[in-house]
Amino acid sequence: MSERVACEDLVMFVNAAIASTAQREFHSRAGAQRMSLGFLHEYVLGNYRDLYAATLALDINHFNAAMVVTNLLRTASTARPEQRALEGRLIAARLRLLPPQRVYSVFRELRRLGINNRRTRAIVRDWVAGRPDPAFDAVKYRRSLSVAARHAHLPLPGEVGTVLFAWRRPKHYETPILEAWRRAHYEQRALYELPYTVAEGLAAQHGIDRTRFLTGIAPKLTDGERLRLQSSAARRKVGVVAMDLATAPLTRLAVYALSLPRPERKRRREELTGALQAAARRATRRQAGTWGRVVAVLDDSYSASGSGVKRRRPLAVALATHYLLEALAAEYTGLWLAHRGDPLLVHPIGATGLGERILDGLERRPERLVIVSDGWDNAPPGEAAEVLRVWRTRLDPHQRTSIVHLNPVYDADTFDVRRLASGVATVGVRDAEDVAALVELARFATGGARLDELRRHLGDRVDRFLTDDSGGQGSP
Amino acid sequence: MDRIDLTGLTVAPDQTWGAVRLVPLLRPVPISDLRLHARLYDPDELSIVDIGHRTAYISYVPHAFVASWTTDDTPAAAYGTQLRDPAASSAPTGIRLAFRRRMARRDDKQRLRFLPLHLATEGYLALQFGGPPIAWQEWTRHAVTRGLSPRVEATYSGTAIPGLDDALRIFEIHPDQCGMVLYVADTLAAAFVVSHPDDYRALHPTLLQDFYGELLFQYAHLYPAVPGFTARLDDTAIASVADLRAQLAQARADWAAFHTVMAGGLLAAERLTFTPVNRMGRFTLSRFLPALDPDTENHIGETITDDTGQLAYLKTFRLSAAQTRRGHLLSQLAAHDWDLDTTATALGTDRQGIALRLDNAGFGHLLRPDIIDACRNRSRKLHNRATRTRPTSREG
Numbered sequence: 001m002s003e004r005v006a007c008e009d010l011v012m013f014v015n016a017a018i019a020s021t022a023q024r025e026f027h028s029r030a031g032a033q034r035m036s037l038g039f040l041h042e043y044v045l046g047n048y049r050d051l052y053a054a055t056l057a058l059d060i061n062h063f064n065a066a067m068v069v070t071n072l073l074r075t076a077s078t079a080r081p082e083q084r085a086l087e088g089r090l091i092a093a094r095l096r097l098l099p100p101q102r103v104y105s106v107f108r109e110l111r112r113l114g115i116n117n118r119r120t121r122a123i124v125r126d127w128v129a130g131r132p133d134p135a136f137d138a139v140k141y142r143r144s145l146s147v148a149a150r151h152a153h154l155p156l157p158g159e160v161g162t163v164l165f166a167w168r169r170p171k172h173y174e175t176p177i178l179e180a181w182r183r184a185h186y187e188q189r190a191l192y193e194l195p196y197t198v199a200e201g202l203a204a205q206h207g208i209d210r211t212r213f214l215t216g217i218a219p220k221l222t223d224g225e226r227l228r229l230q231s232s233a234a235r236r237k238v239g240v241v242a243m244d245l246a247t248a249p250l251t252r253l254a255v256y257a258l259s260l261p262r263p264e265r266k267r268r269r270e271e272l273t274g275a276l277q278a279a280a281r282r283a284t285r286r287q288a289g290t291w292g293r294v295v296a297v298l299d300d301s302y303s304a305s306g307s308g309v310k311r312r313r314p315l316a317v318a319l320a321t322h323y324l325l326e327a328l329a330a331e332y333t334g335l336w337l338a339h340r341g342d343p344l345l346v347h348p349i350g351a352t353g354l355g356e357r358i359l360d361g362l363e364r365r366p367e368r369l370v371i372v373s374d375g376w377d378n379a380p381p382g383e384a385a386e387v388l389r390v391w392r393t394r395l396d397p398h399q400r401t402s403i404v405h406l407n408p409v410y411d412a413d414t415f416d417v418r419r420l421a422s423g424v425a426t427v428g429v430r431d432a433e434d435v436a437a438l439v440e441l442a443r444f445a446t447g448g449a450r451l452d453e454l455r456r457h458l459g460d461r462v463d464r465f466l467t468d469d470s471g472g473q474g475s476p
Numbered sequence: 001m002d003r004i005d006l007t008g009l010t011v012a013p014d015q016t017w018g019a020v021r022l023v024p025l026l027r028p029v030p031i032s033d034l035r036l037h038a039r040l041y042d043p044d045e046l047s048i049v050d051i052g053h054r055t056a057y058i059s060y061v062p063h064a065f066v067a068s069w070t071t072d073d074t075p076a077a078a079y080g081t082q083l084r085d086p087a088a089s090s091a092p093t094g095i096r097l098a099f100r101r102r103m104a105r106r107d108d109k110q111r112l113r114f115l116p117l118h119l120a121t122e123g124y125l126a127l128q129f130g131g132p133p134i135a136w137q138e139w140t141r142h143a144v145t146r147g148l149s150p151r152v153e154a155t156y157s158g159t160a161i162p163g164l165d166d167a168l169r170i171f172e173i174h175p176d177q178c179g180m181v182l183y184v185a186d187t188l189a190a191a192f193v194v195s196h197p198d199d200y201r202a203l204h205p206t207l208l209q210d211f212y213g214e215l216l217f218q219y220a221h222l223y224p225a226v227p228g229f230t231a232r233l234d235d236t237a238i239a240s241v242a243d244l245r246a247q248l249a250q251a252r253a254d255w256a257a258f259h260t261v262m263a264g265g266l267l268a269a270e271r272l273t274f275t276p277v278n279r280m281g282r283f284t285l286s287r288f289l290p291a292l293d294p295d296t297e298n299h300i301g302e303t304i305t306d307d308t309g310q311l312a313y314l315k316t317f318r319l320s321a322a323q324t325r326r327g328h329l330l331s332q333l334a335a336h337d338w339d340l341d342t343t344a345t346a347l348g349t350d351r352q353g354i355a356l357r358l359d360n361a362g363f364g365h366l367l368r369p370d371i372i373d374a375c376r377n378r379s380r381k382l383h384n385r386a387t388r389t390r391p392t393s394r395e396g
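First to last, the sequence lines map onto chains A and B. Take the first sequence: its position 416, counted from the start at 1, is 416 in my numbering, and no numbers get skipped. Take the second sequence: its position 193, counted from the start at 1, is 193 in my numbering, and no numbers get skipped.
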């Protein structure tokens with residue numbers, strides 16, 4: 001019995017750690033999300049410490065990964081020595097995967113909490129030593145690097161230390177980027193040699209016109225920044241910022257596509273569809289075409305519009321999943337609740353009448369049915385659960401159709417993503433790219449699997465994660 | 001016409017949030033030649049509405065509705081929500097007095113501006129406003145010469161009802177929705193119907209600015225959540241997909257029937273008194289009052305109906321128990337020409353009973369002081385004697 005509870009608790013935690021970012025959602029406020037997630041972390045950390053650490057090897061989102069790392073370091077004294085050794089390797093490997101600004105915010109949090117033991121300092125030191133260009137970090141993450149360096153007593157190489165702690169003294173730097181940073185305070189031209197986020201503030205100080213600034217800084221933009229600035233650049237007719245959409249990741253691309261007004265989506269239909277399909281093919285890699293006959297029921301009700309901070313995120317996940325499944329399946333049908341026609345023009349509207357749409361999907365007798373929805377089924381309430389129950393008990397007792405529900409929204413009240421029906425596996429999803437891995441995890445979500453199986457699965461993932469990481473480190 | 005007829009509107013399944021249950025009303029065939037839109041007023045100002053000769057209605061009025069109609073059945077476009085620029089006038093901060101001319105007033109040849117719900121409330125407040133028609137000796141001079149002036153009622157604004165703002169924000173509006181019925185803790189709070197889905201979408205947020213009765217405010221505080229009505233399908237009778245579909249359709253039909261039961265207090269009320277306020281083309285704006293029976297739900301409100309009697313607009317307000325009692329008392333008095341003894345007989349009580357009831361309802365100042373004081377004294381004595389004869393724990 002306790003094993004079953006442990007299994008359910010862990011799946012619940014993984015769902016939350018994938019779906020929630022402690023931001024406001026359509027139904028619950030940011031405060032409720034934060035509090036609920038904080039409690040869940042404490043609970044799992046206190047009861048299943050080794051499993052908690054092992055989740056670092058799964059596709060949990062950056063926010064939760066940072067939180068897990070902080071919590072593990074905060075409570076290191078309660079861990080056994082061999083646990084600590086494994087945790088150390090997991091933390092180091094995960095930190096290398098996180099974006100630098102996330103890692104720096106973990107360091108700042110460690111400083112705020114006053115965690116400064118030898119092991120923590122070693123972890124900070126190793127991570128900073130692994131950064132490819134310390135001078136670049138000293139400019140782009142200036143404040144964060146100085147906090148980390150002071151907190152962990154880091155020796156910083158040469159001019160990097162000077163630029164952080166004694167920047168008034170030198171008249172000149174040897175390192176080009178540091179020199180550019182110094183000059184950019186007085187000289188507008190030097191600005192364009194700096195990273196975008198740093199240059200933006202200085203440009204404002206110099207009073208540089210936004211169009212001119214974007215034109216100049218275009219070569220320095222990262223992929224994420226480029227994607228984010230697309231519409232702003234288009235409005236100002238800065239052609240150089242325009243990117244080849246073919247390289248963007250699938251879900252980000254879907255978010256971008258949905259941010260465009262519908263007439264523009266219609267006009268750029270070929271380009272956007274092509275980019276989405278290419279991204280989906282890249283995400284599926286070897287698995288393309290292996291899933292057989294697949295039907296997806298995708299939620300485009302009003303609640304899919306997300307919140308002010310996660311604008312249209314649930315809808316974007318559904319759209320991205322649509323293209324991903326199209327690539328994964330041999331034969332694919334995507335059913336939207338309200339929308340008909342080109343999925344690119346989908347728009348969040350109306351109530352969530354999942355029941356009948358699920359039945360439409362099941363009627364085609366697919367091998368897999370994938371439902372992407374926030375789990376609020378309200379037209380009429382609970383109809384989806386009834387349809388799924390009757391389907392399982394009466395119409396498909398041999399389970400020839402496997403059904404998975406993917407939920408992009410964390411429900412703060414239940415400490416889990418909201419379920420549609422008891423017999424159907426529900427897993428949290430943040431990026432459609434992870435769908436294949438999540439479906440693998442889904443068999444633990446129904447309560448059918450045992451804890452030792454789950455432990456073995458996690459163990460495999462941890463091993464793979466650590467070997468992948470050391471392999472990645474070895475390569476240049 | 002003596003009842004509200006929702007013909008042409010279909011009921012869709014409810015959506016709940018906390019104690020609030022919202023039941024959408026859909027209109028498959030919208031009325032396209034009458035359009036409504038909101039006109040928002042400054043939230044800080046108090047409105048004085050001139051409603052006739054030397055009579056005024058003073059209230060906080062956050063918004064007005066504007067109805068436009070066309071005469072040749074061609075569709076009309078809504079003007080959309082219009083914001084008044086508060087910076088436009090250099091008025092001092094604090095409560096300003098805004099003068100509105102009449103409850104329903106023609107803005108233009110084919111546009112009518114009216115204050116939603118205030119129209120109905122004014123009708124309720126003006127109930128037997130004139131006071132006794134015959135100068136019976138029991139009534140004070142003030143009652144005979146001034147009537148009930150001023151009559152005051154207090155209500156709660158939608159923003160004061162906990163959970164209503166969230167419920168309205170997360171509610172998923174159906175594409176062809178033209179109205180909704182609002183329940184708080186499963187008691188009927190209000191009904192709202194407009195002519196066209198686009199108007200509904202624009203006016204949906206104004207539900208938060210409307211006012212609601214005391215009962216709903218209390219219920220929303222006391223009840224944390226209402227249960228969801230999930231239909232359970234009978235799986236023994238299902239052998240194929242077609243059977244399952246049939247059962248789903250059946251569950252949907254059952255829901256509509258069930259809803260009629262839930263809204264019984266409004267829809268089954270047989271004795272509504274409709275008063276036409278304004279005619280606009282083929283439409284009539286009227287307000288209605290219930291029978292004011294203290295044992296049942298009582299809703300006041302206003303409607304716009306077309307020449308065939310089809311409902312184009314409806315907004316209701318549920319009276320609290322105290323408000324119903326006051327209305328009941330006044331209508332009974334009026335029915336018996338304000339004669340205390342015959343009214344008392346009709347209500348099954350005596351002269352003292354009716355005097356005390358008037359006093360409790362807040363109309364004590366209308367009776368002569370010596371009469372009301374005598375009644376109060378006698379009731380106090382009766383009360384004291386009753387408590388003295390009862391054995392108390394202290395004496396025992």
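Using N, Cα and C, we set each Cβ at its ideal position, and we do this for glycine too.
Backbone CA spacing between residue i and residue j [nearest angstrom]
| i | j | result |
| --- | --- | --- |
| TYR104 of chain A | VAL147 of chain A | 9 Å |
| ARG376 of chain B | ALA126 of chain B | 28 Å |
| THR7 of chain B | THR316 of chain B | 17 Å |
| GLU87 of chain A | GLN101 of chain A | 22 Å |
| ARG24 of chain A | VAL409 of chain A | 10 Å |
| PRO162 of chain B | TRP17 of chain B | 11 Å |
| GLY423 of chain A | ARG389 of chain A | 7 Å |
| GLN352 of chain B | PRO150 of chain B | 25 Å |
| LEU315 of chain A | SER373 of chain A | 9 Å |
| LEU194 of chain A | ALA184 of chain A | 8 Å |
| LEU97 of chain B | ARG287 of chain B | Since pLDDT at LEU97 of chain B reaches only 49, below the 50 mark, its modelled position is unreliable, and the value read off the structure follows with that caveat. Rounded to the nearest angstrom, the two C-alpha atoms are 26 Å apart. |
| SER478 of chain A | ALA253 of chain B | Look at the range of chain A in this structure, 1 to 476, and you will see that residue 478 of chain A is not part of it. |
Supposed close pair residue i, residue j - CB separation, criterion 8 Å
| i | j | result |
| --- | --- | --- |
| GLU174 of chain A | LEU451 of chain A | That pair is no contact at about 58 Å. |
| LEU250 of chain A | LEU324 of chain A | 6 Å |
| ASN61 of chain A | ILE18 of chain A | 6 Å |
| LEU229 of chain A | LEU214 of chain A | 7 Å |
| PRO294 of chain B | ARG325 of chain B | 6 Å |
Sequence-distant residues of the same chain with beta carbon closer than 8 Å to residue i, five excluded per side
| i | result |
| --- | --- |
| MET35 of chain A | ALA412 |
| ALA251 of chain B | ALA231 and LEU233 |
| ALA135 of chain A | GLU159, VAL160, VAL163, THR175, ILE177 and LEU178 |
| GLY375 of chain A | HIS405, ASN407, VAL409, ASP411, VAL417, ARG418, ARG419, LEU420 and THR426 |
Neighbourhood of residue i by C-beta, 7 Å cutoff - its chain only, sequence neighbours within 5 removed
| i | result |
| --- | --- |
| ASP126 of chain A | ALA92 |
| VAL346 of chain A | ASP300, LEU315, LEU319, TRP336 and HIS339 |
Contact set between residue i and chain C, taken where Cβ atoms lie within less than 7 Å
| i | result |
| --- | --- |
| PRO28 of chain B | Absence of chain C from the displayed structure is noted, the protein chains being A and B. |
Cβ neighbours of residue i in the same chain (closer than 6 Å, five flanking residues each side left out)
| i | result |
| --- | --- |
| SER305 of chain A | ARG312 and PRO348 |
| GLU367 of chain A | GLY292 and ARG293 |
| HIS172 of chain A | none |
| ASP186 of chain B | VAL226 |
| SER144 of chain A | TYR104 |
Taking a Cβ distance cut-off of 9 Å, strictly less, list which residues of the region 379–405 of chain A are near chain B, in chain order. ALA379, PRO380, PRO381, GLY382, GLU383, ALA385, GLU386, VAL387, ARG389, VAL390, TRP391, THR393, ARG394 and LEU395
Output needed in chain order: residues of the region 294–305 of chain A with a Cβ under 8 Å from some Cβ in chain B. SER301, TYR302 and SER303
Please list the segments of the alpha helix (DSSP H) lying wholly inside the region 268–302 of chain A, counting only runs of 4 or more residues, in order along the chain. 269–284
When you check each C-beta in the region 24–44 of chain A against every C-beta of chain B, which residues fall closer than 7 Å? PHE26 and HIS27
Selection of the region 244–276 of chain B by Cβ proximity to chain A, strictly under 7 Å: LEU244, ARG245, LEU248, ALA251, ARG252 and TRP255
Starting from the N-terminal side, write out each stretch of the alpha helix (DSSP H) that is 4 residues or longer and does not extend beyond the region 204–270 of chain B. 214–222, 241–262 and 264–267
Name, going along the chain, the residues of the region 349–366 of chain A whose beta-carbon falls closer than 7 Å to a beta-carbon of chain B. ILE349, GLY350, ALA351, THR352, GLY355, GLU356, LEU359 and GLU363
Quick one, which residues of the region 5–18 of chain B are near chain A if we go by CB-CB under 9 Å, in chain order? ALA12, PRO13, ASP14, GLN15, THR16 and TRP17
Complete runs of the alpha helix (DSSP H) confined to the region 269–333 of chain B [at least 4 residues]: none
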